[in-house]
Amino acid sequence: MNGVSEAWRSYLDSHARLEPELVGAAQPWLRELRQQALGQFLSMGFPGPKNEDWKYTRVRALAETAFTPVVSSPVAVRLDECQGYFLPDMPCFRLVFVDGRFVPGLSEIEELPQGTVVGSLADGLNQEAESLRSVLAGYADHHQPFTALNTAFMTDGAYLYLPARTVLTKPVHLLFITTGRSEAVVTHPRNLMVLGPESGLTVIEHYAGLNDGVYFTNGVTEVVMEKGAHLEHIKLQEEAAKSFHIATVQVQQEQDTQFLSRNLALGGRLVRNDINSVLGGEGAGCVLEGLYAVDGERHVDNHTRIDHKQPQTISQEYYKGILGGKSRAVFNGKVIVHPNAQKVDARQANRNLLLSEGAEVDTKPELEIYADDVKCAHGATIGQLDKDQVFYLRSRGIEEKDARQLLTHAFAEEIVKRIELIPIRDRVEHQLGLWLSEEQRKEGGL
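So this is what it looks like as structure tokens:
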């Protein structure tokens, strides 16, 4: 699909009217950046099958939906409506965004170390716009249509800044809730995280829908990690069943930084995740782990890219998927070892479990190596439950449906058990259990 659909014309034409309400509207440089990004999106339009990065993911349904801009004030949401998405028994800094706007009354930010910022991007731009100018939109690729669209319309998001040698002992929970109560709305969350030298934290980027309406979340997160910084980034996606979710995480890593990504895709109708990391300093390390579970006619697409630009950098990637019904998954993991990036160690794997004959996976791990002293490996598998294992469990007195559910859960557990934050691990296990029970009901016994 090329160009911009008629359904989106009125939304895009509303940019001039909406601009005064958008984050950082008072900054001339940001207005110019928005205009450039809007022009880029209009020139590219929505990606179609001729775009190699979108070959297996069709966005026609999204492009033909007439979305409504979110008004300046979010829909009022009571505490009890969103408490189910809070993380009990886990002290944390919590920032809540409703329909793309920061809601202080639902958030919890206690005293922070000196110089540390945990707040909304809107507040950050109001208070220190010039210091953000050099990093905001400095790393995400605006040749990607949805990134350009986000920059043009970004409403709000989180701004996290850690000074040198500052380590937060409590995680930061960024909760993005879409109400989905009436008309189809679109939000463009924009998050910026800057970690000074030797600093560190854990961030949970969490997306959810309160109602089963149609909506579109188009998010971008930019991360800048200075020498020796470390970040664990957990993305927990629990969007509503009719929603569209497209998001990019762009990470810039300098010397001796360590980035750990856990990407958990458990909701949404059409989901696309792009996670990209540039290892721009010697000794930098990157670990990308992911789990996706889809059923019905849902579609999930995970694209990752790791650029080894310096010697002695390490990357490990492991994604697993479970598919039922007539669902479809796409995995494309690209690792690029640039010239002179010697002593690189890069490993990548994608494993998929099909629970039905109608499910389909397109998997494409890629290595591009332009250096000669490296260790690189990649692989992918697509399979079904092992009949011998099912038979063995049945011989031990376990019913077939329970045996199949146990084996499916064990397949996912390899990823889930690595989550060190127990409330997150428990939540994922609970959601996965509900998903498996529902899939079992639909398929008449898995």
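To convert, take the position in the sequence shown, counting from 1, and add 90; that gives the working numbering.
Glycine included, each C-beta is placed from N, C-alpha and C at the ideal position.
Opening and closing residue of the alpha helix (DSSP H) in which residue i lies
i    : result
Q394 : For the sequence presented, residue 394 should be read as Thr rather than Gln. Looking at the DSSP string, T394 is not in any alpha helix (DSSP H); the run it does join, the beta strand (DSSP E), is 389-398.
D478 : 477-485
R255 : Taken as a continuous stretch (DSSP letters only), R255 belongs to no alpha helix (DSSP H), as it is neither H nor E.
T494 : Correcting the residue identity first, residue 494 is Arg in this sequence and not Thr. 490-506 is the extent of the alpha helix (DSSP H) around R494.
N422 : First-last for N422: 418-427, but that is the beta strand (DSSP E), not the alpha helix (DSSP H).
Y214 : Note that residue 214 corresponds to Gly in the displayed sequence, not to Tyr. That run of the alpha helix (DSSP H) goes 211-223.
K99  : Going by the sequence as given, residue 99 is Arg instead of Lys. 96-103 is the span of the alpha helix (DSSP H), which, as asked, contains R99.
A115 : Run containing A115: none; DSSP gives neither H nor E here.
Among the options, nearest to residue i - alpha-carbon criterion
i    : options                : result
Y251 : P203, T245, A274, A242 : P203
L222 : F349, V284, L497       : V284
N353 : E200, Q327, G190, T403 : Q327
E458 : L475, H428, L483, R441 : H428
A106 : R191, Q125, T403       : Q125
G370 : S351, F421, R359, Q402 : Q402
L445 : E490, G303, R494, E288 : R494
E519 : K532, E529, H499       : H499
T158 : T471, R271, K140       : R271
L185 : V425, L102, Y297       : Y297
A274 : T311, D302, S224       : D302
E316 : D179, S289, G138, L511 : S289
E503 : L381, S333, T347, Q479 : L381
Q400 : A431, N422, G318       : A431
H468 : D478, P455, K477       : P455
A319 : A439, V257, A449       : V257
L524 : A383, K507, S485       : A383
L443 : G373, P139, V193, G411 : G411
A80  : D143, E142, G138, V167 : As shown, the chain starts at 91 and ends at 536. That puts residue 80 outside it, with no answer to give.
P513 : V94, C182, L169, A337  : C182
Residue range of the beta strand (DSSP E) that includes residue i
i    : result
D541 : Nothing about residue 541 can be read from this structure; the chain reaches only from 91 to 536.
Q342 : 334-343
A298 : 290-299
L265 : 262-268
Q438 : 434-444
T241 : It is not in any beta strand (DSSP E) - T241 instead sits in the alpha helix (DSSP H) that spans 235-243.
E450 : 450-459
E407 : 404-413
A467 : 464-473
R148 : No beta strand (DSSP E) holds R148; DSSP gives it neither H nor E.
R280 : 280-285
T277 : 275-277
Rounded Cβ spacing between residue i and residue j (contact assumed at less than 8 Å)
i    : j    : result
G357 : E387 : G357 to E387, Cβ: 14 Å. No contact.
T241 : L112 : Not confirmed; about 10 Å, so no contact.
Y175 : V207 : Wrong, their Cβ atoms sit about 24 Å apart, outside the cutoff.
L483 : L475 : That pair is no contact at about 10 Å.
V310 : R280 : 5 Å
The ligand ATP heavy atom lying under 6 Å from the CB of residue i
i    : result
F266 : The ligand ATP is absent from the structure shown, which contains no ligands of any kind.
Proximity test, Cβ basis, 7 Å: residue i and chain C
i    : result
L132 : The question asks about chain C, but that chain is absent: this structure has only one protein chain.
| task | Count the C-beta pairs between the stretch 455-470 and the stretch 339-352 that are closer than 8 Å, then say yes if the count reaches three, no if not. | result | no
| Are at least three pairs of beta-carbons, each pair with one atom in the stretch 363-370 and one in the stretch 116-134, less than 8 Å apart? | no
| query | For the stretch 168-206, which segments carrying the alpha helix (DSSP H) assignment without a break, of at least 4 residues, lie completely within its bounds, in sequence order? | reply | 169-172
| task | Decide yes or no for the touch test of the stretch 222-239 against the stretch 258-267: beta carbon pairs closer than 8 Å, at least 3 of them. | result | no
| Any contact of the stretch 292-305 with the stretch 213-228, i.e. 3+ C-beta pairs under 8 Å? | no
| Where are the beta strand (DSSP E) runs, 3 residues long or more, that stay fully inside the stretch 304-375, in chain order? | 305-315, 320-328, 334-343, 348-355, 360-369
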